[in-house]
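No gaps in the numbering here: position 332 of the sequence shown is 332 in the UniProt record's numbering, and each next residue is one more. Ideal Cβ placement from N, Cα and C applies to all residues, glycine included.
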Amino acid sequence: MNGKSEDNWQNPAICVLEISVFSMVSKDITRNVVDYISTLAWKNKIIIQRFHQPTCLEQISAIEHYRSLGVLFKRCTLLLPTKERLKFIFGRFSQIPCFMLEQCPTPDCIGFYSCGVFLQTLIAGWDELECHRVFNFLCDLTNLQQKIEAVITAKPGTRGHQELQLRLFCRRVLLDPRPCHLEYRFWLMQLLKPWPMVSQAHLLFILYGPLRPEGTLGWQDLVERGLPHAALWDLAKALLMLFSKAEVKGWTTDSTLAIFEELTVIPQPWHVENIARLLVLCGSKVCYTVLASKAVSGRLLDISRLIVYIVLVCEKDGYHMSWAVKLVQQITNVFSTVPEKLFFIQQLENMFSGVTREFFEVSVAGNRFEDRETFQTLCVLLDSSARFHTSFIHMFLRQELHTLNEM
Numbered sequence: 001m002n003g004k005s006e007d008n009w010q011n012p013a014i015c016v017l018e019i020s021v022f023s024m025v026s027k028d029i030t031r032n033v034v035d036y037i038s039t040l041a042w043k044n045k046i047i048i049q050r051f052h053q054p055t056c057l058e059q060i061s062a063i064e065h066y067r068s069l070g071v072l073f074k075r076c077t078l079l080l081p082t083k084e085r086l087k088f089i090f091g092r093f094s095q096i097p098c099f100m101l102e103q104c105p106t107p108d109c110i111g112f113y114s115c116g117v118f119l120q121t122l123i124a125g126w127d128e129l130e131c132h133r134v135f136n137f138l139c140d141l142t143n144l145q146q147k148i149e150a151v152i153t154a155k156p157g158t159r160g161h162q163e164l165q166l167r168l169f170c171r172r173v174l175l176d177p178r179p180c181h182l183e184y185r186f187w188l189m190q191l192l193k194p195w196p197m198v199s200q201a202h203l204l205f206i207l208y209g210p211l212r213p214e215g216t217l218g219w220q221d222l223v224e225r226g227l228p229h230a231a232l233w234d235l236a237k238a239l240l241m242l243f244s245k246a247e248v249k250g251w252t253t254d255s256t257l258a259i260f261e262e263l264t265v266i267p268q269p270w271h272v273e274n275i276a277r278l279l280v281l282c283g284s285k286v287c288y289t290v291l292a293s294k295a296v297s298g299r300l301l302d303i304s305r306l307i308v309y310i311v312l313v314c315e316k317d318g319y320h321m322s323w324a325v326k327l328v329q330q331i332t333n334v335f336s337t338v339p340e341k342l343f344f345i346q347q348l349e350n351m352f353s354g355v356t357r358e359f360f361e362v363s364v365a366g367n368r369f370e371d372r373e374t375f376q377t378l379c380v381l382l383d384s385s386a387r388f389h390t391s392f393i394h395m396f397l398r399q400e401l402h403t404l405n406e407m
């Protein structure tokens, strides 16, 4: 490859793809390609890009460029063992601060996005063993495990910058670029499995918990007040991923239940509405699994309070009340005897009264904004209670009518 041909390569995206095709022609050409892309001049021209404050078009162009680079490095290192491939490839990329944890202080840098697209293109089609090697290599390269340990053993929120950096790196480089459910779950499990349950829950919050406008994690927000569904949606998707039927060695439904229990008390017990909304977002199966587990453990007060808030969330967020009724019916069937079922229903009714009284007492205590908001919630709760009980009675009437028709 002479200097003249190098000078003719004016369009980096197209030229990168052309080079990747040449690299597959023969071993000699592959060797020439590897030598060429190892030069400092090529690195400065092709690899280093503008990651800070790009326009929308520049961001799209940069990401596509790194997708093309992923194809190039995948093809020109095809004959090397996995470990040697990774050493060669990341020897060229690890010197870019925007690709490394805690090395770039610029907000809205697209370095992690670009690195994630590059990595996904590079390892597409690799088997699980090779992906394990990639994960371990990246952990060594970035000191990822040490950085995770530093934030999950600290008090929530005390290492705000490190928490955000860890979230952005893991989400944009390791997780979000994964194109399918199984691949995403594999990488999430690699991040979680080395740690005890409490730390797994802590890490899950760092990765998927709600962000405040200034870019910090809303640890206390979940404790102090009910949040909208958009703030909890990422956490719900992550939990659904963990509750997936796909088997992972050493991981069970009980593991995910334990994480859920730990998650909802970090940094302190959450506002019940947030737990209820998270369960509703997770859907019927997860919601039933969590509540049934509590029922088996005899935690009737916890279940009853959660169900009241689930009914409230259904009314606030526009879910059909029959969904909540069906959920209660399923939980009722967890109990084996009629007295147990009736006792559960009685506890639930008492909790409706108790929560309504709590809202009323707060709403009449003063005229501050919080009290007006509480009064509005009280009105919604009364409406939701009426809809729930109407639907509940209709269910029993339909069952009674069905029984009469069969006689």
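Asked                                                                                                                                                                                         : Found
Please tell me whether Phe352 and Ile331 are closer than 9 Å, where the distance is taken between their beta carbons.                                                                         : no
Using three-state DSSP, classify Leu129 as helix, strand or coil.                                                                                                                             : helix
Pick helix, strand or coil for Trp195, following the three-state DSSP scheme.                                                                                                                 : coil
Can you check DSSP and say which residues form a bridge with residue 469?                                                                                                                     : Outside the displayed span of the chain (1 to 407) sits residue 469, for which this structure offers no information.
Let me confirm a value: Asn274 is counted as buried when at least 16 other C-beta atoms fall within 10 Å, else exposed. Which label applies?                                                  : buried
Applying the 10 Å Cβ sphere with the 16-neighbour rule, what's the burial state of Arg225?                                                                                                    : exposed
Let me make sure I understand the geometry here. Which of Ile259, Pro179 and Gly215 has the alpha-carbon closest to that of Glu163?                                                           : Gly215
When the Cα atoms are used, what is the spatial distance from Thr289 to Phe243?                                                                                                               : 10 Å
Which class does Trp323 belong to by DSSP, given the choice of helix, strand or coil?                                                                                                         : helix
In chain order, what residues of the same chain lie with their CB nearer than 6 Å to the CB of Ser5, ignoring the 5 residues before and after it?                                             : Because Ser5 carries a pLDDT of 40, less than 50, the predicted location of this residue cannot be relied on, and no value is offered for it.
Return the chain-ordered list of same chain residues with a C-beta closer than 6 Å to the C-beta of Val296, the five sequence neighbours on each side being excluded.                         : none
List the residues that DSSP assigns as beta-bridge partners of Leu141.                                                                                                                        : None, per the DSSP bridge assignment.
Could you give the first and the last residue of the continuous alpha helix (DSSP H) run that contains Ala276?                                                                                : Val272 to Cys282
Per DSSP, Leu168 forms a beta bridge with which residues?                                                                                                                                     : Bridge partners of Leu168: none, in fact.
Assign Leu101 to one of three DSSP states: helix, strand, or coil.                                                                                                                            : coil
Starting from the C-beta of Met24, find all residues in its chain whose C-beta is less than 6 Å away, skip the five residues before and the five after it, and write them out in chain order. : Arg75
In the DSSP assignment, find the alpha helix (DSSP H) that holds Asp221 and state where it starts and stops.                                                                                  : Asp221 to Glu224
Per DSSP, what are the beta-bridge partners of Leu72 in this structure?                                                                                                                       : Partner(s): none; Leu72 has no beta bridge.
So, Arg85 versus Thr77, is the Cβ gap smaller than 9 Å?                                                                                                                                       : yes
Label Gln53 either buried or exposed according to how many other C-beta atoms from any shown protein chain fall within 10 Å of its C-beta, with 16 as the threshold for buried.               : exposed
For Ala41 and Ser114, what's the separation of their Cα atoms in angstroms?                                                                                                                   : 21 Å
Which residues in the same chain have their Cβ closer than 6 Å to the Cβ of Glu358, if we skip the five residues on either side of it in sequence?                                            : none
On the DSSP bridge list, what partners appear for Leu227?                                                                                                                                     : Note: Leu227 sits in no beta bridge, so no partner.
Taking contact to mean at least 3 C-beta pairs separated by less than 8 Å, is the segment 150 to 160 in contact with the segment 182 to 192?                                                  : no
Rounded to a whole number of angstroms, what is the C-alpha to C-alpha distance between Phe175 and Thr356?                                                                                    : The residue you asked about is not Phe; residue 175 is Leu in the sequence shown. When rounded, the distance between both Cα atoms is 42 Å.
Mapping DSSP to helix, strand and coil, what is Leu312?                                                                                                                                       : helix
Quick one: Cα of Glu64 to Cα of Lys43, how far?                                                                                                                                               : 17 Å
From Ile310 to Phe137, what distance separates their C-alpha atoms?                                                                                                                           : 44 Å
How would you label Gln165, buried or exposed, when you count the other beta carbons within 10 angstroms and need 16 or more for buried?                                                      : buried
Do you know how far the Cα of Leu122 is from the Cα of Ser20?                                                                                                                                 : 12 Å
Using only CA atoms, which one of Gln103, Cys98 and Thr377 lies nearest to Phe112?                                                                                                            : Cys98
If you compare alpha carbons, which of Pro177, Leu204 and Pro179 is closest to Met189?                                                                                                        : Leu204
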